[in-house]
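From first to last, the protein sequence lines are chains A and B. Numbering-wise (the working numbering), the first sequence opens with residue 498 and increments by one. Numbering-wise (the working numbering), the second sequence opens with residue 103 and increments by one. Built from N, CA and C at the ideal position, the CB exists for glycine as well. Everything numeric in this text was worked out from a predicted model, so none of it was measured. Some notes on the structure that comes next.
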Amino acid sequence: MELLASPALWLVLALSVAIPVLFIVGARRLALRMVDRPTAMTASLPKFLPAPRLRAPSLRWLLTRGLLLTLIGTGLGIIMLRFVYGLSAVTNLSDQFAWGLWISFDVMCGVALAAGAFVIAATVHIFRLERFEPLVRPAILTGLLGYLLVVAGLIVDLGRPYNVWRPLFHWQHHSVLWEVGVCVATYTTVLLIEFLPVVLEKVNHFEAVTTRLPTVKLTQLLKKVSIAFVIMGVVLSTLHQSSLGSLWVLMPTKVSPLWYSLYLPVFFWMSAIAVGLAMTIVESTLSSKAFNRGLETHLLVDLAKAAAVVLAIYLAVRAIDLVVRGAWPLMFEPTLQAASFWAEIGLGVMLPIVLFSIRPLRQRHGVLFLGAVLIVVFGVVLNRFNVSLIGLLPYTGQIYTPSWMELVVTMTLVSLGVIAFGLAAKYLPVFHEEEHEASR
Amino acid sequence: MSASKNTQISRRGFLKRVGTGTAAAFGLAMLPQQALSGYASGDSESHGPTWSLLIDLTRCTGCDSCALACKASNELPDADVVPSALDADTYTFVEEHQVTKADGTTVTRYVKRQCMHCLDASCVSACPAAAMHNSGEGPVIYRADRCLGCRYCQVACPFEIPRFDWDNGLTPKISKCWMCFEGLQEGQLPACVEACPTGALRFGRRDDLLAQAHAQIASNPARYIDHVYGENEVGGTSVLYLSDVPFEQLGFVANLPDTAPAQETEKIMSKLPTVIAGMTALMAGSAFITHRKPAEPEDIVPEALVVKEEE
Ligand code: SF4
Ligand code: SF4
C-alpha cells in the first residue's frame with residue numbers, strides 16, 4: 498500500500514505511458530517525412546537493412562507496437578522498483594512462500610522450453626538425421642534466447658544478483674542449485690558458440706569482400722569443433738534439465754506426493770526431451786506463418802512421432818512410480834492438486850500421445866500444432882508449476898498467488914524474447930534457404 | 103551424530119579428513135575449553151564437540167528474556183520489543199500454546215523457536231554459494247558476503263526457519279539463529295542461554311545433553327513424554343526439546359523423516375560423474391559411428407570465400 502504513495506511508482510507509470518505515445522507520434526512523423534523525400538532518407542541506411550516501408554504505418558501496426566512498448570516500459574519500471582524497494586514491494590512472496598512465479602515460470606519453464614536446442618542438435622549432428630538440419634538454427638536460437646531470459650529472470654528474482662558469479666568459484670558439489678547454476682552458465686556459453694556461425698555468416702557476407710577479417714577463419718574453426726560443442730550441450734542439458742527436478746527432492750515433507758519422487762530428475766529430463774520436440778513444432782509453425790515461408794511438415798510429423806514415443810515411456814514410468822510409492826489414491830481425491838494432476842497428465846501427456854500416434858491425425862497441420870501446444874502448455878509448463886507451486890500449497894496453505902506486477906515482469910521478459918527472435922529471424926540467416934532467398 | 107557427519111567440504115573439514123591425527127588434535131586444541139569445561143564428560147571424546155542446546159519446555163515460563171537477550175546481543179532492531187514471530191530482525195521468539203492435557207486440564211506452554219541447527223542441514227546442502235555453512239561444531243552459520251539471495255535455503259528448510267529481508271532492494275540478507283557462534287569460540291554461552299532465569303535452556307555437548315535428557319525422562323516418566331525432539335528428526339539436530347505434552351500439539355513439525363533429506367540429493371549428486379561420463383561416451387560414440395558414413399557434400403566454404411576468389 499505504501500507503494501501507491503511512492504513517487505517512483507507514478508514515475509514508472511508515467512514513463513510507460515509516455516514512451517509509447519512518443520514512439521507512436523515519432524514513428525508517424527518519420528514515416529510521413531519519408532513519404533515526402535524517400536531517397537534522401539533511405540540512402541543513408543546501411544544496405545543490409547530491408548528497405549523501409551514508404552507509407553504511413555497503419556493504425557494496427559502502431560497500436561501493437563505501442564501496447565508492446567507500454568508493457569515493456571511498465572515491466573522495466575517494475576524491475577526498477579524491485580531494486581529500490583525490495584521484493585516485497587512488487588511480489589506476493591513471503592518467508593512461507595519464497596519462490597513464486599519468477600522461479601516457477603521464468604526459470605523452471607524457461608529452461609524446459611529451451612530444450613529444443615539440445616534435442617534437435619543431437620538429432621542432426623550426433624545421430625546424423627540430416628534431413629532435420631533446417632530446424633537446427635531456429636531451435637538453437639530459441640534455446641539461446643530462452644536461457645538469456647532465464648538469466649534475466651534470475652537477476653530480477655535473486656536478492657543479491659551481483660553475487661551470482663560466486664558459485665562458479667566456490668564449488669558446492671553437494672548443492673543441486675549450484676550444479677544448475679554452473680550448468681546454465683556453461684550451457685548458455687555453449688549455445689552462444691553454437692549460434693555464432695549464424696552471425697558470422699552474415700558478417701562474412703558483408704565484410705570479407707573488402708577486408709580480410711578473421712571471421713572467415715573463425716567460421717571454419719567453429720565448424721571443425723562444432724561436434725564437441727554439440728556433445729557438451731547434450732551433456733550439460735541432461736545434467737541441469739534433470740537437476741531442476743532434483744531441486745525438489747530436498748523437500749520430501751513439502752511437495753505433494755502426487756509429484757514428490759526420488760525420480761523427479763528422470764521425469765524432468767524425459768519431459769524436457771518431449772517438450773524440446775514439441776517446442777520445435779510450435780515454433781516452426783508460428784514462424785512459418787509470421788515469415789510467410791514454407792513449413793517443413795514432413796519433418797515435423799516425424800518429430801511428433803518421436804514425441805509420442807517419449808511421452809508414452811514417460812507416462813508409463815510415472816504411473817509405475819505413483820503405484821510403487823502408493824500415492825495413486827491421491828489422484829482421486831477432490832483437491833486442486835488432483836485436478837491439476839489430471840490436467841497435466843490427461844491433456845498434456847495422454848491426449849498428445851493419442852493425437853500423435855494416429856497417422857492421419859498427426860499429418861494434419863492443425864492437429865500437429867494442437868498436440869504440440871498441449872505438450873508445451875499442459876504437459877510441461879503445468880508440470881513445472883505443479884511441482885514448484887501447486888504441489889506445495891497443501892503444505893504451505895493457500896498463501897501465494899502472483900501479483901500483477903510479477904505477471905507484468907514475466908510478460909515483459911517473454912515479449913523481449915519474442916521480439917529478439919523476430920529480429921534475429923529477420924536479419925540473420927536463421928531459417929533455411931527457401932526463405933532466405935526470398936527475402937533478398 | 104557426530105561432527106564427522108558434517109558433509110561440508112570446508113578447508114577445515116578437509117583437514118580433518120586427511121590428517122586424522124595431528125589435524126584433529128590441532129582442531130581440538132583450538133576449541134574454547136572454557137565453554138566446554140563445565141559440560142565435558144569423558145565419554146564424549148570419540149564424538150567430537152558438537153555444541154547443542156537442550157530446551158526443557160516444562161521449565162519455560164514464557165518470560166521472553168531469551169528473545170530479548172538475543173536481539174540485544176546480535177544488535178538487531180527493536181531490541182526492546184518482545185518479538186512474536188521470526189522475521190528478518192528476529193532470530194528467536196517464544197510461542198504461546200494452550201494445550202488440553204490427557205486429564206482434561208488446559209495448560210499454557212511456551213515454546214522457544216529458533217534454527218534447529220540440523221546436523222546434516224537441508225539449507226547447507228541447498229545453498230549454491232556456501233553462504234549457509236555447517237561450522238562442523240554444531241552451529242549452522244550464515245555468511246552474508248557470499249549469499250546470492252536465491253532463498254533456496256528457505257524453501258529447503260524443513261522447519262521453516264530462515265527469513266529473508268523482503269523490503270531491502272539491494273542487500274537483503276537471510277536471518278536465522280547462529281548459536282552466537284562467535285561468542286562460543288571465545289568461550290561464552292549463547293545469549294539466550296545466559297539470559298534464561300529458569301534453567302529451561304541448557305548448553306553443552308550434544309551427547310551429554312541427550313544423555314541428560316534421557317536420564318530426566320527415565321527418572322520422571324510421569325512428567326515427560328518419551329521423545330527428545332531433535333534426536334532423530336531429519337537425521338538429528340543440535341537443538342533438542344523435552345516436553346510433557348506431545349510435540350504435535352505444540353506446533354512442532356511432525357512426521358519428519360529420520361534421515362536427512364540432504365542425503366537423498368547427495369545420492370543423486372554423487373551419480374553426476376557417472377551421468378557425465380556415460381552421456382559423453384554415448385554421444386561421442388554415436389557421433390563417431392554416424393560420422394563414418396560419407397557425409398553429404400555440404401556447402402562448407404563460407405559464402406564470403408567464394409566471393410573473394412571471384413575477385
Ligand atoms: S533448521 Fe533450517 S535453517 Fe536451521 S539448520 Fe536446519 S535446515 Fe538449516
Ligand atoms: S539465499 Fe543465500 S544462504 Fe540461502 S541458499 Fe541462497 S545463497 Fe545460500
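DSSP, reduced to helix, strand and coil, places B/MET281 outside both helices and strands of the structure shown, so it counts as coil.
For B/LYS203, no alpha helix (DSSP H) run applies, since DSSP gives it neither H nor E.
Residues of chain B whose Cβ lies closer than 7 Å to the Cβ of A/ALA595 are, in chain order, ARG253, GLN256, VAL257 and PHE266. In its chain, beyond the 5 residues on either side, ILE637 and PHE726 have a beta carbon closer than 6 Å to the beta carbon of A/GLU691. The C-beta of A/ASP592 comes closer than 8 Å to at least one C-beta of chain B.
Between A/MET767 and A/GLY613, the C-beta spacing is not below 8 Å. Chain B places a beta carbon closer than 8 Å to that of A/ARG657, counting this residue as a contact. Under the Cβ criterion of 8 Å, A/ALA619 is counted among the residues facing chain B. At a Cβ-Cβ threshold of 8 Å, B/CYS279 and B/TYR254 do not count as neighbours. Interface flag for B/MET371 against chain A is set, since a Cβ pair is found closer than 8 Å.
For A/LEU718, there is no enclosing beta strand (DSSP E); the enclosing alpha helix (DSSP H) has its first and last residue at 712 to 743.
Looking at the backbone, the Cα of B/LEU188 and that of B/THR194 are separated by about 6 Å. Counting along the chain, the unbroken alpha helix (DSSP H) around B/ASP310 starts and ends at 308 to 321. Between B/THR210 and B/ALA362, the alpha-carbon positions lie close to 32 Å from each other. Assignment of beta strand (DSSP E) within the stretch 227 to 307 of chain B, counting only whole runs of 3 or more residues, yields 234 to 236, 242 to 244 and 303 to 307 in chain order. Under the DSSP assignment, A/TRP839 falls in the alpha helix (DSSP H) whose first and last residues are 833 to 839. Closer than 7 Å to some heavy atom of ligand 2: that describes the Cβ of B/PRO230. Beta-bridge partners of B/TRP153 (DSSP): B/ARG307. Interface with chain B (8 Å Cβ-Cβ cutoff): A/GLU793 is excluded. B/LEU156 and B/ASP310 have their alpha carbons spaced roughly 10 Å apart. One Cα belongs to A/TRP745, the other to A/SER885, and the distance between them is close to 8 Å. Segment contact: the stretch 770 to 788 of chain A against the stretch 866 to 883 of chain A, three or more CB-CB distances shorter than 8 Å; contact assigned. DSSP links B/ASP189 through a beta bridge to B/THR192.
Spanning the alpha carbons of A/TYR811 and A/ALA835 requires a straight line of approximately 19 Å.
Between B/LEU312 and B/GLU333, the gap from beta carbon to beta carbon is short of 8 Å. The beta carbon of B/ARG215 sits closer than 7 Å to those of LEU188, THR194, PHE195 and GLU197, all from its chain and outside the five residues before and after it, given in chain order. For A/TRP662, the number of other beta carbons within 10 angstroms of its own is below 16, and it is reported as exposed. Within the stretch 572 to 587 of chain A, the residues whose Cβ lies closer than 9 Å to some Cβ of chain B are LEU578, ARG579, PHE580, VAL581, TYR582, GLY583, LEU584, SER585 and ALA586, listed in chain order. Apart from the 5 residues on each side of it in sequence, A/VAL518 sits with its Cβ closer than 8 Å to the Cβ of GLY563 in its chain, given in chain order.
Between B/GLY337 and B/ASP222, the CB-CB gap stays under 8 Å. Looking at the backbone, the Cα of A/LEU871 and that of A/ARG856 are separated by about 18 Å. In the structure shown, A/LYS786 adopts helical secondary structure according to DSSP, grouped into three states.
In the DSSP annotation of this structure, the continuous segment of the alpha helix (DSSP H) that includes A/VAL616 starts and ends at 613 to 618. Neighbourhood of A/PHE853 in chain B, by CB distance below 7 Å: empty, with the nearest CB roughly 25 Å away. For B/HIS199, the closest of B/THR163, B/LEU170 and B/CYS220 by C-alpha to C-alpha distance is B/THR163.
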